[in-house]
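Numbering (this note's numbering), first residue to last: 99 to 206.
This report refers to the structure that appears directly beneath it.
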Amino acid sequence: MENPLKQFLYAGIGLASLTTEKVQSTLDELVEKGKISDSEAKKVAEDVIENLNGKRDEFEEKLGDIIKNVADKLNYVKRDDYDNLQKRVKDLESELAKTKAKKTATVK
Numbered sequence: 099m100e101n102p103l104k105q106f107l108y109a110g111i112g113l114a115s116l117t118t119e120k121v122q123s124t125l126d127e128l129v130e131k132g133k134i135s136d137s138e139a140k141k142v143a144e145d146v147i148e149n150l151n152g153k154r155d156e157f158e159e160k161l162g163d164i165i166k167n168v169a170d171k172l173n174y175v176k177r178d179d180y181d182n183l184q185k186r187v188k189d190l191e192s193e194l195a196k197t198k199a200k201k202t203a204t205v206k
């Protein structure tokens, strides 16, 4: 199963894509009916796409903040931190094994 946060992000992107398609479809209908000109439709489409792109960036930034806040509240450990701690534990275990081996060799 995919990460729910990733699914949420994809849903937002999908919604923006559907919105763009719906706007384009509506504009095409208006041009066909002679309600607006081709150039007006293109201008509106460009404005909508530009607006959606700006909103997408804003959405991604806010989503990133939400994810960070949730991770902080749930005390999630970042992968890099986890990997660093895991390496330190392995290094310490290795050092401990060497120390025990030296101690055992000295006692004999």
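Virtual Cβ for every residue (Gly too), placed ideally from N, Cα, C.
Between Leu161 and Thr118, the C-beta gap is not smaller than 8 Å, which leaves the two residues out of contact. Assignment of Ile165 by DSSP, reduced to helix, strand and coil, places it in the helix class.
When secondary structure is reduced to three states using DSSP, Tyr174 falls in the coil class, being assigned neither helix nor strand.
No Cβ-Cβ contact shorter than 8 Å links Val146 with Val129. Between Ala139 and Leu125, the C-beta spacing is below 8 Å.
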